[in-house]
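Single-structure report; data block below.
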Amino acid sequence: MADHNHTLELDDIQSGVLRPRPTPYVATYIAFRIDDRRAGRELIRRVSRVVTSAASPNSPLADTWVSIALTHQGLKALGVPQESLDSFSWEFRQGMAARAKELGDIGESSPENWEKPLGTEDVHVVLVAVSPDEHRLEAALARARETYRQMEGITAIWRQDCHALPTETEPFGFRDGISHPAIEGSGIPGSNPQEQPLKAGEFVLGYGDEIGGIQKTEPEVLGRNGTYVVFRKLHQRVAEFRRYLKANSADGQDEELLAAKMMGRWRSGAPLALCPFHDDPELGSDSRRNNDFLFEADDASGLKTPAGSHIRRCNPRDAKIAGVVRFHRMIRRGTAYGPLLPEGVLDDDGAERGLMFAFVGAHIGRQFEFVQSQWVNDGVFFGAGDDKDPIAGSSDINFTLPRRPVRKRLKGIPRFVVTRGGEYCFMPGLRALRWLAELDT
Ligand code: HEM
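The sequence shown lines up with residues 67 to 507 when you count with this note's numbering.
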């Protein structure tokens, strides 16, 4: 068993788990309901043939992939035995909608206001196709479509198309997809040379994790080389964000500084940690340098990167906080949807736009839920009471900007992000997909 813990079985892990998404990108999410378990198994059998593994990064298809994930309801719909269902993590079994209060999904963001069928018992399977361009995405989708076309007992019930914006930023206008952790045995380098690679068990079931545990399911083959994936459709109020920046700053320069302080990076991606006074677009786009920093040694009090900024909250790195940062890391895959709000427009045009946020990790509870509830929607961990994340916080947001001689405190920041829905899913390994397809309960 020992070597099980060291060498990641890349040829059994779905491609979408470990590999950063291409830039630029297009992506499509499709959700299915399974009304007939035999048809469901046939769908899994067929789809497993178009799902690529994380091995062979040099194949011509490397940047185009189809992934498949199932909700707890989906595993049930396939007829997975109860003792197997019960061996999955508690949060996954509850599902995202049941966890709304903990996640700050209240008011407008609460599940009764979600886009249907998200958060209902109908979402069983989520298929994701990602590619650098429309042409290859369409080819991948066509192959996937062959697997469920004209199949009785399977219904595609929801679809979301995503695409890189012409600005190559997320909808608020910041470069995204910069920081990601290194994972032992994956061969995929992390983006911060100062962060030790994390144990594989933080991201993939069946391997040792940072706490020394190994997550297993019943039977073991079902969970091994799989991971949990959290999808969230997050609507972004871009016009409101722009108006807020303008109303709370003296001029254009000040406005950009405020935006950077809220995020922890300038829009170009350049981190305040490395250029606190002005943007440096060259640094922002240099993947060898734009994530090479820590906080504690030269910015313990957050004069450069406020402790309450989005990136310092979501990954405090070596900053002194209550808790252990390495237990709460995650792989993220953000893809944008909706049209760009043209630069300078300050009035809401009513369009739906935002991020399909995807979390990948082996521990929904201590990774995604912890970060969302303790780091994004609370400030106690760094001594800021109930301050919340000024970018992604849920409501009643306050943000403190450490400055000399007097800090600045922004109170009652409006909510810029509204949850439109989401699901907790499990993305099985390729052997596990075959196990599911061969169920005969
Ligand atoms: C619509 C909402 C959101 C937007 C627009 C957004 C945007 C961004 C941007 C621009 C970055 C910096 C680029 C990078 O480091 O790759 C970032 C980093 C990050 N975000 Fe978000 N984000 C959102 C929601 C969330 C949520 C809900 C979470 C977690 C629950 C989260 C977790 C993270 C993490 C872990 C990082 C990397 C921090 C680091 O390692 O320095 N984000 N986000």
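All residues carry an ideal CB built from backbone N, CA and C; glycine is no exception.
Pairing P456 with L369 gives a Cβ-Cβ distance that is not under 8 Å. When rounded, the separation of the alpha-carbon atoms in E268 and I280 is 9 Å.
Nearest C-alpha to P285 among L169, E149, P372, G374: E149. When the Cα atoms are used, T466 and R500 turn out to be separated by approximately 51 Å. Three or more beta-carbon pairs separated by less than 8 Å are not found between the stretch 342-357 and the stretch 471-489, which leaves the two stretches without contact.
Between Y490 and I430 a beta carbon distance of about 6 Å is seen, short of the 8 Å cut, so the two are scored as contacting. Distance from the Cα of P494 is smallest, within the candidate group Y91, G374, T94, V113, for V113.
A contact between stretches requires three or more CB pairs, one per stretch, nearer than 8 Å, and the stretch 354-361 meets this requirement with the stretch 327-341.
Beta-bridge pairing by DSSP links F359 to no other residue. From the listed residues G400, G449, V287, E236, the smallest Cα separation to E75 is found for V287. Under the 10 Å beta carbon count, P408 is surrounded by fewer than 16 other beta carbons and is classified as exposed. Counting the other CB atoms within 10 Å of its CB gives G416 a total below 16, which places it among the exposed residues. By the criterion of a C-beta distance shorter than 7 Å, D275 is surrounded in its chain by K265, G267, E268, A428, once the five residues flanking it on both sides are discounted. By DSSP's assignment, T371 forms no beta bridge with any residue. Nearest to A424 by C-alpha distance, out of L502, I110, R497, A135, is A135.
Here D462 is exposed: its Cβ has fewer than 16 other Cβ atoms, across all protein chains shown, within 10 Å. For K167, the secondary structure class from DSSP, reduced to helix, strand or coil, is helix. Just so you know, the alpha carbons of P177 and G185 end up roughly 7 Å apart. Relative to the ligand HEM, the nearest heavy atom lies less than 7 Å away from the CB of L300. Around T213, the same chain offers L109, R112, V113, V116 as residues with beta carbons nearer than 7 Å, after the five sequence neighbours per side are excluded. Nearest Cα to G389 within the set V437, K282, A93: V437.
Look at I220 here: in three-state DSSP terms it is strand. Put simply, the backbone Cα of G330 is about 26 Å away from that of I172. A buried status is given to I377, since no fewer than 16 other beta-carbon atoms sit within 10 Å of its beta-carbon. Distances from the CA of G82 to each of E174, V191, V196 were compared; the closest alpha carbon is that of V196. Shown here, E489 sits in a strand according to DSSP, grouped into three states. With a cut-off of 7 Å, the C-beta of I377 is classified as near the ligand HEM, since at least one heavy atom of the ligand falls inside that distance. Counting of Cβ neighbours within 10 angstroms places H190 among the buried residues, the total reaching 16 or more. Straight across, the Cα-Cα distance linking S367 with V192 is about 43 Å. In the displayed model, P337 falls within a strand according to three-state DSSP.
Scanning the stretch 167-201 for uninterrupted beta strand (DSSP E) segments of 3 residues or longer gives 191-197, listed from N- to C-terminal end. DSSP places F425 within a strand segment (E or B) once states are collapsed to three. With contacts defined by Cβ atoms closer than 8 Å, L421 and Q302 form a contacting pair. Within its own chain, the residues whose Cβ lies closer than 8 Å to the Cβ of A93, once the five positions on either side in sequence are excluded, are R87, V194, A195, V196, S197, L203, D227, C228, H229, T401, M422, listed in chain order.
Each residue's CA atom was taken as its position, placing K386 and N443 some 18 Å apart.
DSSP places A143 within a helical segment (H, G or I) once states are collapsed to three.
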